[in-house]
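Right, one structure below, let's go through it.
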Amino acid sequence: MKRIVNGECLKDYFLSQQVVYDDVLSVNELFVEGPLQSEIFSRAFMNERKHYLHETYEIPLSLIDEKSSDLLAITSLGAQPITLWFDEDVFCQINLLVVLAYFSQRQIINQLTVKLIPQQFYHVISVDDEQIMSVHDINIAQADMIYQDVLVNKQYEKLLTYNEIELFRQLPALKEALRWYIKLQQMNNELVDYIEAQDTMNEEVLVKILLSDYSNLGLTDMQYRKLIRKVRG
-1 MKRIVNGECL KDYFLSQQVV YDDVLSVNEL FVEGPLQSEI FSRAFMNERK HYLHETYEIP
59 LSLIDEKSSD LLAITSLGAQ PITLWFDEDV FCQINLLVVL AYFSQRQIIN QLTVKLIPQQ
119 FYHVISVDDE QIMSVHDINI AQADMIYQDV LVNKQYEKLL TYNEIELFRQ LPALKEALRW
179 YIKLQQMNNE LVDYIEAQDT MNEEVLVKIL LSDYSNLGLT DMQYRKLIRK VRG
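Sequential numbering from -1 applies to the sequence shown in the working numbering.
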């Protein structure tokens, strides 16, 4: 069975659990920010992401190519059972949506199961731990529509009209993540308000506080530094 996991740390954890290397693909991206193309994982999509990550965070192009290899490997997956291991935080859920939307675009009939893992995943006893919440037979029929409306075209008001979408019933954390995604794009949220209120606090101290107090977002330290500098001008 193929496993798609969020991030290299989780992939390394799986490998430590004696899972075959080729059976684990990691999503090493932060789709919660930056431009996205309509055709997921296309050459134009990957090139735009590479340019954004390089220009925004000064990540070497060679490193981006290396970390993107698993994303490209997803495009070679045919119809087969796939398990997706993702946290419920905003960062992970947006990454998850992009992957689900890809399968929706390709109209590949896969048996998809989502495993919702704790943030401190290394406390999990094993990859087969029954305490992990599993959502089987994920309905991806409308995943691409959601992706196009909200992430690509920024038609944020559409989220209010999604009342009967099975995917949100199966993954309620995804809809909440999209609400936060919209707030983060618009810079109109309690996170920005908090940063503004701490205008004299040392940047690194503030980053540590944000990582702890806003763990539901799942943002990285480099993302918080960028946001702090943007808010403070």
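Idealized CB from N, CA, C, for every residue including glycine.
- By DSSP's assignment, Val22 forms a beta bridge with Arg1.
- The beta carbon of Leu114 is closer than 6 angstroms to those of Glu86 and Met131 in its chain, skipping five residues each way along the sequence.
- Per DSSP, reduced to three states, the secondary structure at Pro58 is coil, with no helix or strand assignment.
- The DSSP-derived three-state label of Asp63 is helix.
- Ranked by Cα distance from Asn137, the options Val112, Val150 and Leu149 are led by Val112.
- Leu215 is positioned such that its CB atom lies closer than 8 angstroms to that of Phe89.
- A distance below 6 angstroms between beta-carbons, with the five flanking residues on each side excluded, links Phe29 to the following residues of its chain, in chain order: Ile92, Asn93 and Val96.
- Using a 10 angstroms sphere on the CB of Asp211, the tally of other CB atoms stays under 16, which defines it as exposed.
- For Gln184, the uninterrupted alpha helix (DSSP H) run begins and ends at Pro170 to Gln184, by DSSP.
- With respect to the 8 angstroms criterion, Ala141 and Ala99 are classified as neighbours on the basis of their beta carbons.
- Here DSSP, grouped into helix, strand and coil, assigns Lys228 to helix.
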